[in-house]
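Student: What follows is a structure written as structure tokens; I'll ask about it next.
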Amino acid sequence: MIKTLRLVIHRDLLLALRRRADVANSLLFFVIVVSLFPFGVGPEASLLRAIAPGVLWVAALLAAMLALARMFAADYADGTLEQMLLAPAPLTVVVLGKIVAHWLLTGLPLVALSPVLALQFDVPADAIGVLVASLALGTPVLSLIGAIGAALTLGVRGAGVLTALLVLPLYIPVLILGAGAVDAAAAGLDASAHLMLLGALLLGAAACALWPVAAALRIAVE
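Heads up, the sequence shown stops at 221 in numbering that gives the first Met the number 0, and the numbers go up one at a time, no gaps.
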């Protein structure tokens with residue numbers, strides 16, 4: 000199973016390198032949205048610090064959601080997904096590999112870019128560390144929950160809108176905890192409770208998301 004997981008991740012990363020524009024779209028969206036806010040609200044440092052947690056987290060959430068459509072769509076269109084269903088390896092392992100690859104292509108770059116973008120909002124150094132930690136814990140949850148929505152709407156006309164309607168309500172707790180952690184750190188408070196709850200959400204999503212995704216993919220193929 001470890002070999003299958005590694006092969007699925009490697010395959011998806013290799014395919015992404017051949018479609019670099021698709022990967023870059025989410026990152027450019029994140030950078031542009033975050034960078035426009037200081038121009039829109041003005042240069043007042045206190046106001047920028049106040050809105051920074053929400054702006055950074057909402058932009059990261061939307062950027063991660065933009066990439067959900069390509070998680071299973073290409074494999075469904077060319078018949079690769081059917082071969083994955085027939086493979087001897089458990090489908091949950093294949094699903095886990097695709098979710099990990101999705102996070103490596105979208106969530107991890109968002110985590111890496113966030114400290115640089117946070118400087119535009121005059122975010123304190125301690126809060127930047129908490130921002131990185133919250134995104135590192137929260138973006139995998141977004142990928143896991145988003146995989147459920149992407150699988151349920153696979154092959155459906157207007158799948159992007161339906162996926163957004165399905166996953167956005169489930170994203171709200173992650174958004175509240177992630178932005179709340181950064182806000183608490185910026186105010187000089189302890190953000191460990193928010194981060195621990197994000198970690199709990201990550202463990203819960205990792206334990207519960209794989210089987211619904213696998214079941215939804217089987218239904219989509221049938």
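Each residue gets a CB set at the ideal place from its N, CA and C atoms; glycine is no exception.
Between the Cα of L107 and the Cα atoms of M195, A66, P123, which residue gives the shortest distance?
Tutor: Residue A66 is the option with its Cα nearest to L107.
Student: Between L27, W56, M195, A126, which lies nearest to I175 when the distance is taken from Cα to Cα?
Tutor: W56
Student: Evaluate contact between the stretch 184-201 and the stretch 131-145, counting only Cβ atoms and requiring at least three cross-stretch pairs below 8 Å.
Tutor: yes
Student: Contact check, V181 vs M64 under 8 Å by CB: the rounded distance?
Tutor: The pair is not a contact, with the Cβ atoms about 20 Å apart (cut-off 8 Å).
Student: DSSP three-state label for L85, please.
Tutor: L85 falls in the helix class under three-state DSSP.
Student: In angstroms, rounded to a whole number, what distance separates the CA positions of L201 and I144?
Tutor: 10 Å
Student: According to DSSP, simplified to helix, strand and coil, what is G41?
Tutor: Reduced to three states, the DSSP call for G41 is coil.
Student: Can we count L202 as close to the ligand ADP, meaning its CB is less than 6 Å from some heavy atom?
Tutor: The ligand ADP is not part of the structure shown, which contains no ligands of any sort.
Student: Rounded to a whole number of angstroms, what is the C-alpha to C-alpha distance between R310 and P89?
Tutor: Absent from the structure is residue 310, since the part of the chain shown begins at 0 and ends at 221.
Student: Would you check if the stretch 91-101 and the stretch 146-159 touch, i.e. whether three or more CB-CB distances between them fall below 8 Å?
Tutor: Short answer: they touch.
Student: Using 10 angstroms around the beta-carbon of F38, count the other beta-carbons present and answer buried if the total reaches 16, otherwise exposed.
Tutor: exposed
Student: Does R156 come out as helix, strand or coil in the three-state DSSP assignment?
Tutor: coil
Student: Using only alpha-carbon positions, find the residue among L80, A126, M70 that is nearest to V99.
Tutor: M70
Student: Among the residues of its own chain, which have a CB less than 7 Å from the CB of L151, if the five just before and after it don't count?
Tutor: L165, A215
Student: Can you tell me the Cα-Cα spacing of R10 and L188, whole angstroms?
Tutor: 43 Å
Student: Step through the CB atoms of chain B and report whether any lies within less than 7 Å of the CB of V166.
Tutor: Protein chain content of the structure displayed is limited to a single chain, and chain B is not contained in it.
Student: What ranges does the alpha helix (DSSP H) occupy inside the stretch 77-131, keeping only unbroken runs of at least 4 residues that lie completely in it?
Tutor: 79-85, 90-101, 107-117
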